[in-house]
Structures are given as structure tokens and as C-alpha cells.
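Asks: Count the sequence shown with the working numbering and you get residues 248 to 396, in order.
Note that the Cβ used here is the ideal one computed from N, Cα and C, for glycine as well.
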Amino acid sequence: MHIRRCPIMFNNVISAKVTSPTDQWHEGVKGIRNAIIRNGLYGTGPVMYQIGNVDEQTNEAEYTFFIPVSEPIEMKENDEYSFEEKWLVQDALVYRHADLDEDIEDSYALLRACAEANELTLQEPFYNIYLDVFGGGLIDICAPILKEG
């Protein structure tokens, strides 16, 4: 187990809010990536996402996806999309969830336990940073630190 403490920063980040069945969250990523490409941009970093409220009855969740893009854009703020020139988490605990077949909630619990042991308060929901590696994927979980002590 290796939990590290560090800042996370990306430039020119477009975010989109999507409600989707939990087993089809990746379709939301495809939609935002296609919109980015249709507008003459390209992704310059990993897909990041947060999982919001989950409706157990319908098995749907609110997702917010974040994708760094090639250049700054002007965008009117709206309910679905937004843009940040500098996306920054100043201080965070980061843990690599390498086996996507394992329950990510176990990794979240590990981060919470580490925070408690070090008298840190974390901000939830955490950011999941999906990294496409070796023909598969893994997730770096970024748990922003709200305060110490």
C-alpha cells in the first residue's frame, strides 16, 4: 500500500455533469470526448470523474467528468458543461487503485482510515483519475484534504 500526499493540477479542463446507469458511466466519457473533438480540441490528459448521488432503485448515479484539453476556450457557464483554465487540488491524499476488478469502496475506506490516523479531514466525493495503461486501466484516487488536526 502506498498513499502519497501531493497537489494535482491540470490546465484547460472541461467538465460535464451526466446522470447515467452505474454500469454505463463510460458512455458519458465518450459523449464529452466526442463533443471535444467536434469542437476542434483534443484531450491532453486523463479522464477524471466524481461519483455523486447514487439512486439504488434505478442504479443510476450523477457523474461529473473532467478532461484537460489542448487550449483555453470561452464557454458560457451552464448546468451541464463548465471550463476552468487551471484545475487544482492544492493538497490531497492519492492512492492507486490498480485492480479494477476489486471494489473501489475498499480503496476509499483505506484513504479515510489513513486520513483519520493522520488527523486529516477529506473532501468527498473523491476524484477518480482514470489512466489507460498496458491495454487496460487503473485509477488514481485523489482525496482532497480540507484541514489538518
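Tell me which same chain residues have a C-beta within less than 8 Å of the C-beta of M322, skipping the five on either side of it?
Replies: In the sequence shown, counting from the first residue as 1, residue 322 sits at position 75. Cβ within range, chain order: I261, Y328, S329, F330.
Asks: Considering only their Cβ atoms, is the gap separating N258 from E332 smaller than 9 Å?
Replies: Within the sequence shown, residue 332 is the residue found at index 85, counting from 1. Within the sequence shown, residue 258 is the residue found at index 11, counting from 1. In this structure, N258 lies closer than 9 Å to E332 by Cβ.
Asks: Tell me whether the beta-carbon of I376 lies closer than 9 Å to the beta-carbon of P293.
Replies: The residue given as residue 376 occupies position 129 in the sequence shown. The residue given as residue 293 occupies position 46 in the sequence shown. The answer is yes: Cβ separation under 9 Å.
Asks: Considering only the alpha carbon of each residue, which of K394, E274, V316, V341 lies closest to L385?
Replies: Taking the sequence shown and counting its residues from 1, one reaches residue 385 at position 138. Nearest option by C-alpha distance: V341.
Asks: Tell me G290's beta-bridge partners as DSSP assigns them.
Replies: The residue labelled residue 290 in the question sits at position 43 within the sequence shown. Answer by DSSP bridge pairing, in chain order: V316.
Asks: Can you tell me whether G275 is buried or exposed, with buried defined as 16 or more other CB within 10 angstroms of its CB?
Replies: For the purposes of this step, residue 275 is taken as the residue at position 28 of the sequence shown. That one is buried.
Asks: Closest to F373 by C-alpha separation, out of N300, G396, E395, N365, would be which residue?
Replies: Looking up residue 373 in the sequence shown gives position 126. Nearest of N300, G396, E395, N365 to F373, Cα basis: N300.
Asks: Could you give the distance in angstroms between the alpha-carbon of R359 and the alpha-carbon of E371?
Replies: Translated into positions along the sequence shown, residue 359 becomes position 112. Translated into positions along the sequence shown, residue 371 becomes position 124. Straight-line Cα distance between these residues: approximately 10 Å.
Asks: Among Q297, L393, G290, I255, which has the Cα closest to the Cα of V265?
Replies: Along the sequence shown, one-based indexing puts residue 265 at 18. Minimum Cα distance to V265 is reached at Q297.
Asks: Evaluate H249 with the Cβ neighbour count: other Cβ atoms within 10 Å of its Cβ, from every protein chain shown; 16 or more gives buried, anything less gives exposed.
Replies: On the sequence shown, position 2 is the one that residue 249 refers to. By the 10 Å Cβ count, H249 comes out exposed.
Asks: Over what stretch of residues does the beta strand (DSSP E) that includes G383 continue unbroken?
Replies: The count along the sequence shown starts at 1 and reaches residue 383 at position 136. Note, G383: beta strand (DSSP E), 383-395.
Asks: So I314 packs on G290, CB below 8 Å; how close in whole Å?
Replies: For the purposes of this step, residue 314 is taken as residue 67 along the sequence shown, with counting starting at 1. For the purposes of this step, residue 290 is taken as residue 43 along the sequence shown, with counting starting at 1. Contact between I314 and G290 holds, with the beta-carbon distance rounding to 5 Å and staying under 8 Å.
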